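J.: Residue numbers (the numbering used here): 25 to 297. Just so you know, even glycine gets a beta-carbon here, dropped at the ideal spot from N, CA and C. All values derive from a computational prediction rather than experimental measurement. Got a structure for you, written out below as C-alpha coordinates; questions coming shortly.
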Amino acid sequence: MVRTVARLGWLVSVLVLLAACTLKPVYNNLYWLVPWYVEDYVTLREGQGDQLRDRVKALIQVHREEQVPHYIDFLRSLEPYAEGVEEARLWEGYQRLEALWLALKWLLLPDIEAFLLSLDSAQQQELFEKLAEANEEQRQQLIEQKRDRSQRYRERAESLMEDWLGSINDGQWVLLESYLKEVGSGDEGWLENRERWQQALAEALRSPQPRARVRELVIHNRRLWSPDYRAAVERRRQLTVELISRISYTLDARQKAHFKKSLQEMINNFQSL
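Given below as C-alpha coordinates:
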(Lines of atoms letter the chains of each structure in order from A; the text may use other names.)
(Lines give C-alpha, C1' and ligand atoms only; values in the text may rest on other atoms or scores of the structure.)
Protein backbone atom coordinates (compact mmCIF):
# COMPACT_ATOMS: atom_id res chain seq x y z
CA MET A 25 0.00 0.00 0.00
CA VAL A 26 1.52 3.15 -0.70
CA ARG A 27 -1.03 4.06 0.30
CA THR A 28 -1.57 2.21 3.43
CA VAL A 29 1.80 3.28 4.51
CA ALA A 30 1.22 6.64 3.42
CA ARG A 31 -2.55 7.00 3.56
CA LEU A 32 -2.84 6.52 7.29
CA GLY A 33 -0.09 9.08 7.68
CA TRP A 34 -1.66 11.23 5.00
CA LEU A 35 -5.04 11.28 6.71
CA VAL A 36 -3.48 12.41 9.96
CA SER A 37 -0.94 14.79 8.44
CA VAL A 38 -3.53 16.55 6.30
CA LEU A 39 -5.44 17.21 9.49
CA VAL A 40 -2.26 18.50 11.06
CA LEU A 41 -1.66 20.90 8.19
CA LEU A 42 -5.19 22.01 7.38
CA ALA A 43 -7.26 21.52 10.53
CA ALA A 44 -10.49 22.21 8.71
CA CYS A 45 -13.78 22.75 10.48
CA THR A 46 -14.53 19.04 10.09
CA LEU A 47 -11.33 18.05 11.91
CA LYS A 48 -12.90 16.48 14.97
CA PRO A 49 -15.47 14.19 13.31
CA VAL A 50 -13.00 13.07 10.64
CA TYR A 51 -10.18 12.51 13.11
CA ASN A 52 -12.34 10.55 15.51
CA ASN A 53 -13.66 8.36 12.70
CA LEU A 54 -10.35 7.47 11.08
CA TYR A 55 -10.75 3.98 12.53
CA TRP A 56 -13.41 3.22 9.94
CA LEU A 57 -12.23 5.60 7.19
CA VAL A 58 -8.85 3.87 6.91
CA PRO A 59 -10.20 0.31 6.39
CA TRP A 60 -12.73 1.71 3.93
CA TYR A 61 -9.92 3.28 1.93
CA VAL A 62 -7.72 0.19 2.15
CA GLU A 63 -10.47 -2.00 0.72
CA ASP A 64 -10.27 0.00 -2.51
CA TYR A 65 -6.89 -1.67 -3.02
CA VAL A 66 -7.08 -5.07 -1.38
CA THR A 67 -9.85 -7.48 -0.38
CA LEU A 68 -9.52 -8.10 3.34
CA ARG A 69 -9.85 -11.57 4.80
CA GLU A 70 -12.29 -12.25 7.59
CA GLY A 71 -11.13 -10.50 10.72
CA GLN A 72 -8.55 -8.26 9.04
CA GLY A 73 -10.93 -5.31 8.82
CA ASP A 74 -11.79 -5.56 12.52
CA GLN A 75 -8.12 -5.84 13.44
CA LEU A 76 -7.28 -2.80 11.35
CA ARG A 77 -10.10 -0.77 12.90
CA ASP A 78 -8.96 -1.73 16.41
CA ARG A 79 -5.39 -0.77 15.63
CA VAL A 80 -6.36 2.59 14.16
CA LYS A 81 -8.66 3.36 17.08
CA ALA A 82 -5.83 2.70 19.55
CA LEU A 83 -3.45 4.70 17.37
CA ILE A 84 -5.75 7.72 17.40
CA GLN A 85 -5.77 7.72 21.19
CA VAL A 86 -1.99 7.57 21.44
CA HIS A 87 -1.60 10.23 18.74
CA ARG A 88 -4.06 12.52 20.52
CA GLU A 89 -2.22 12.21 23.82
CA GLU A 90 1.39 12.19 22.66
CA GLN A 91 1.60 14.19 19.44
CA VAL A 92 -1.32 16.60 19.14
CA PRO A 93 0.06 18.79 22.00
CA HIS A 94 3.24 19.27 19.94
CA TYR A 95 1.17 20.43 16.97
CA ILE A 96 -0.54 23.00 19.16
CA ASP A 97 2.81 24.25 20.48
CA PHE A 98 4.12 24.54 16.93
CA LEU A 99 1.09 26.51 15.77
CA ARG A 100 1.41 28.89 18.70
CA SER A 101 5.02 29.53 17.72
CA LEU A 102 3.83 30.89 14.36
CA GLU A 103 1.91 33.90 15.69
CA PRO A 104 4.95 36.26 15.69
CA TYR A 105 5.35 35.55 11.96
CA ALA A 106 2.61 38.12 11.39
CA GLU A 107 5.13 40.84 12.26
CA GLY A 108 7.65 39.58 9.71
CA VAL A 109 9.83 36.47 9.71
CA GLU A 110 13.35 35.94 8.40
CA GLU A 111 14.18 32.99 6.19
CA ALA A 112 16.42 31.42 8.84
CA ARG A 113 13.53 31.28 11.27
CA LEU A 114 11.26 29.74 8.63
CA TRP A 115 13.83 27.01 8.06
CA GLU A 116 13.82 26.34 11.79
CA GLY A 117 10.06 25.97 11.63
CA TYR A 118 10.40 23.64 8.67
CA GLN A 119 12.80 21.46 10.65
CA ARG A 120 10.25 21.26 13.45
CA LEU A 121 7.62 20.12 10.96
CA GLU A 122 10.02 17.50 9.62
CA ALA A 123 10.58 16.23 13.15
CA LEU A 124 6.83 16.02 13.76
CA TRP A 125 6.36 14.12 10.51
CA LEU A 126 9.15 11.68 11.42
CA ALA A 127 7.62 11.13 14.86
CA LEU A 128 4.30 10.38 13.20
CA LYS A 129 5.90 7.83 10.88
CA TRP A 130 7.52 6.06 13.83
CA LEU A 131 4.17 6.00 15.61
CA LEU A 132 2.47 4.49 12.56
CA LEU A 133 5.24 2.05 11.76
CA PRO A 134 4.28 -0.94 13.97
CA ASP A 135 0.73 -0.95 12.63
CA ILE A 136 1.86 -0.49 9.03
CA GLU A 137 4.30 -3.38 9.40
CA ALA A 138 1.71 -5.61 11.04
CA PHE A 139 -0.85 -4.97 8.33
CA LEU A 140 1.47 -5.33 5.35
CA LEU A 141 3.02 -8.51 6.70
CA SER A 142 -0.44 -9.99 7.29
CA LEU A 143 -1.24 -9.91 3.55
CA ASP A 144 -1.12 -13.27 1.82
CA SER A 145 0.30 -13.69 -1.68
CA ALA A 146 -3.09 -13.25 -3.37
CA GLN A 147 -3.71 -10.02 -1.46
CA GLN A 148 -0.26 -8.72 -2.34
CA GLN A 149 -0.85 -9.43 -6.01
CA GLU A 150 -4.23 -7.67 -5.89
CA LEU A 151 -2.73 -4.70 -4.08
CA PHE A 152 0.04 -4.06 -6.60
CA GLU A 153 -2.26 -4.62 -9.56
CA LYS A 154 -4.64 -2.00 -8.16
CA LEU A 155 -1.76 0.38 -7.51
CA ALA A 156 -0.53 -0.08 -11.09
CA GLU A 157 -4.02 0.69 -12.38
CA ALA A 158 -4.20 3.80 -10.22
CA ASN A 159 -0.79 4.93 -11.46
CA GLU A 160 -1.85 4.55 -15.08
CA GLU A 161 -5.03 6.53 -14.45
CA GLN A 162 -2.97 9.23 -12.79
CA ARG A 163 -0.51 9.28 -15.68
CA GLN A 164 -3.32 9.75 -18.20
CA GLN A 165 -4.82 12.48 -16.05
CA LEU A 166 -1.51 14.32 -15.92
CA ILE A 167 -1.23 14.15 -19.71
CA GLU A 168 -4.78 15.39 -20.22
CA GLN A 169 -4.39 18.21 -17.71
CA LYS A 170 -0.94 19.33 -18.83
CA ARG A 171 -2.21 22.60 -20.29
CA ASP A 172 -4.21 23.45 -17.19
CA ARG A 173 -1.63 22.34 -14.62
CA SER A 174 -0.07 25.76 -14.03
CA GLN A 175 -3.48 27.39 -13.77
CA ARG A 176 -4.67 24.85 -11.22
CA TYR A 177 -1.54 25.37 -9.14
CA ARG A 178 -1.99 29.13 -9.38
CA GLU A 179 -5.57 28.84 -8.13
CA ARG A 180 -4.49 26.67 -5.20
CA ALA A 181 -1.77 29.14 -4.25
CA GLU A 182 -4.15 32.09 -4.45
CA SER A 183 -6.73 30.27 -2.35
CA LEU A 184 -4.14 29.40 0.29
CA MET A 185 -2.94 33.01 0.49
CA GLU A 186 -6.48 34.28 0.89
CA ASP A 187 -7.30 31.65 3.52
CA TRP A 188 -4.45 32.92 5.68
CA LEU A 189 -4.43 36.64 4.89
CA GLY A 190 -7.78 37.54 3.38
CA SER A 191 -7.57 39.65 0.23
CA ILE A 192 -4.05 40.56 -0.86
CA ASN A 193 -2.75 43.83 -2.30
CA ASP A 194 -1.07 44.61 -5.61
CA GLY A 195 2.46 44.35 -4.26
CA GLN A 196 1.73 40.94 -2.77
CA TRP A 197 0.25 39.81 -6.09
CA VAL A 198 3.52 40.75 -7.78
CA LEU A 199 5.47 38.61 -5.31
CA LEU A 200 3.09 35.69 -5.79
CA GLU A 201 3.18 35.95 -9.59
CA SER A 202 6.98 35.96 -9.59
CA TYR A 203 7.01 32.90 -7.34
CA LEU A 204 4.56 30.98 -9.53
CA LYS A 205 6.61 31.64 -12.66
CA GLU A 206 9.71 30.20 -11.03
CA VAL A 207 8.27 27.31 -9.06
CA GLY A 208 6.23 25.54 -11.75
CA SER A 209 3.42 23.08 -11.05
CA GLY A 210 5.39 20.60 -8.96
CA ASP A 211 3.98 17.55 -10.76
CA GLU A 212 7.17 16.60 -12.57
CA GLY A 213 8.73 13.35 -11.39
CA TRP A 214 6.51 12.51 -8.44
CA LEU A 215 4.63 9.69 -10.19
CA GLU A 216 7.87 8.01 -11.26
CA ASN A 217 9.16 8.23 -7.70
CA ARG A 218 5.92 6.80 -6.35
CA GLU A 219 6.19 3.85 -8.74
CA ARG A 220 9.80 3.29 -7.69
CA TRP A 221 8.69 3.18 -4.05
CA GLN A 222 5.88 0.75 -4.81
CA GLN A 223 8.25 -1.56 -6.68
CA ALA A 224 10.62 -1.50 -3.72
CA LEU A 225 7.73 -2.36 -1.41
CA ALA A 226 6.70 -5.32 -3.58
CA GLU A 227 10.27 -6.60 -3.48
CA ALA A 228 10.45 -6.05 0.28
CA LEU A 229 7.36 -8.14 0.95
CA ARG A 230 8.85 -11.02 -1.06
CA SER A 231 12.24 -10.80 0.64
CA PRO A 232 13.54 -13.09 3.44
CA GLN A 233 13.53 -10.16 5.88
CA PRO A 234 10.49 -8.11 4.91
CA ARG A 235 10.07 -6.30 8.23
CA ALA A 236 13.44 -4.56 8.10
CA ARG A 237 12.95 -3.53 4.48
CA VAL A 238 9.42 -2.24 5.08
CA ARG A 239 10.72 -0.19 7.99
CA GLU A 240 13.41 1.34 5.78
CA LEU A 241 10.85 2.22 3.11
CA VAL A 242 8.48 3.86 5.58
CA ILE A 243 10.99 5.85 7.60
CA HIS A 244 13.47 6.69 4.83
CA ASN A 245 11.21 6.79 1.78
CA ARG A 246 13.02 9.83 0.37
CA ARG A 247 16.17 7.82 -0.21
CA LEU A 248 14.48 6.47 -3.33
CA TRP A 249 13.96 9.91 -4.83
CA SER A 250 15.80 10.49 -8.08
CA PRO A 251 18.51 13.19 -8.02
CA ASP A 252 16.48 15.40 -10.36
CA TYR A 253 13.35 15.10 -8.25
CA ARG A 254 15.27 15.78 -5.03
CA ALA A 255 16.81 18.90 -6.55
CA ALA A 256 13.40 20.10 -7.74
CA VAL A 257 11.87 19.59 -4.29
CA GLU A 258 14.72 21.47 -2.60
CA ARG A 259 14.45 24.35 -5.06
CA ARG A 260 10.71 24.51 -4.48
CA ARG A 261 11.19 24.66 -0.73
CA GLN A 262 13.75 27.44 -1.05
CA LEU A 263 11.47 29.51 -3.28
CA THR A 264 8.54 28.97 -0.92
CA VAL A 265 10.55 30.06 2.11
CA GLU A 266 11.67 33.18 0.26
CA LEU A 267 8.08 34.02 -0.70
CA ILE A 268 6.70 33.58 2.82
CA SER A 269 9.44 35.74 4.29
CA ARG A 270 8.91 38.52 1.75
CA ILE A 271 5.13 38.46 2.10
CA SER A 272 5.35 38.51 5.90
CA TYR A 273 6.97 41.95 5.87
CA THR A 274 4.20 43.43 3.73
CA LEU A 275 1.17 42.60 5.89
CA ASP A 276 -1.15 45.41 6.90
CA ALA A 277 -3.12 45.47 10.16
CA ARG A 278 -6.13 43.71 8.64
CA GLN A 279 -4.03 40.89 7.23
CA LYS A 280 -2.14 40.43 10.49
CA ALA A 281 -5.44 40.12 12.34
CA HIS A 282 -6.74 37.66 9.73
CA PHE A 283 -3.60 35.52 10.04
CA LYS A 284 -3.81 35.42 13.83
CA LYS A 285 -7.51 34.58 13.74
CA SER A 286 -6.95 31.73 11.26
CA LEU A 287 -4.11 30.42 13.38
CA GLN A 288 -6.19 30.51 16.55
CA GLU A 289 -9.04 28.68 14.83
CA MET A 290 -6.62 25.93 13.88
CA ILE A 291 -5.32 25.75 17.44
CA ASN A 292 -8.88 25.59 18.77
CA ASN A 293 -9.63 22.70 16.43
CA PHE A 294 -6.73 20.68 17.75
CA GLN A 295 -7.56 21.53 21.34
CA SER A 296 -11.10 20.25 20.77
CA LEU A 297 -9.84 16.76 19.93
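Quick one: measure Cβ to Cβ for Leu47 and Asn293, integer angstroms, because I've assumed they're closer than 8 Å.
T.: Going by Cβ atoms, the distance from Leu47 to Asn293 rounds to 4 Å, so yes, they are a contact pair.
J.: According to the neighbour-count rule (16 or more other Cβ atoms, all chains shown, within 10 Å of its Cβ), is Ile167 buried or exposed?
T.: The residue in question, Ile167, is exposed, as its Cβ has fewer than 16 Cβ neighbours within 10 Å.
J.: Is Arg88 closer than 7 Å to Leu225 when the C-beta atoms are compared?
T.: For Leu225 and Arg88, no; Cβs fall outside 7 Å.
J.: Which complete beta strand (DSSP E) runs does the stretch 79–160 hold, if anything under 3 residues is left out?
T.: Runs of the beta strand (DSSP E) inside the stretch 79–160: none found.
J.: Is it true that the CB of Gln196 sits closer than 7 Å to the CB of Thr274?
T.: The answer is yes: Cβ separation under 7 Å.
J.: Would you call the stretch 167–186 and the stretch 219–236 touching, i.e. three or more CB-CB distances under 8 Å?
T.: The stretch 167–186 is not in contact with the stretch 219–236.
J.: Can you give the Cα-Cα distance for Leu140 and Leu54, rounded to whole angstroms?
T.: Spanning the two alpha carbons is a distance of roughly 18 Å.
J.: For Leu42, count the other beta carbons within 10 Å of its own beta carbon; 16 or more makes it buried, fewer makes it exposed. Which is it?
T.: At Leu42 the pLDDT is 42, less than 50, meaning the model places this residue with poor confidence and gives no usable figure here.
J.: Taking 7 Å as the cut-off, decide whether the C-beta atoms of Ser269 and Glu111 are in contact.
T.: Yes; because the gap between Cβ atoms is below 7 Å, this pair is in contact.
J.: How would you write the range of the alpha helix (DSSP H) that Gly195 sits in, first residue to last?
T.: From DSSP, the alpha helix (DSSP H) with Gly195 extends over Asp194 to Val207.
J.: Taking 7 Å as the cut-off, decide whether the C-beta atoms of Leu155 and Gln222 are in contact.
T.: Yes; because the gap between Cβ atoms is below 7 Å, this pair is in contact.
J.: Work out the CA separation of Leu248 and Val80 for me, nearest whole Å.
T.: The alpha-carbon atoms of Val80 and Leu248 are separated by roughly 27 Å.
J.: Taking C-beta to C-beta, are Gly213 and Tyr253 nearer than 7 Å?
T.: Yes. Within cutoff.
J.: Using the C-alpha atoms, what's the distance from Ala138 back to Gln75?
T.: Each residue's alpha carbon lies about 10 Å from the other.
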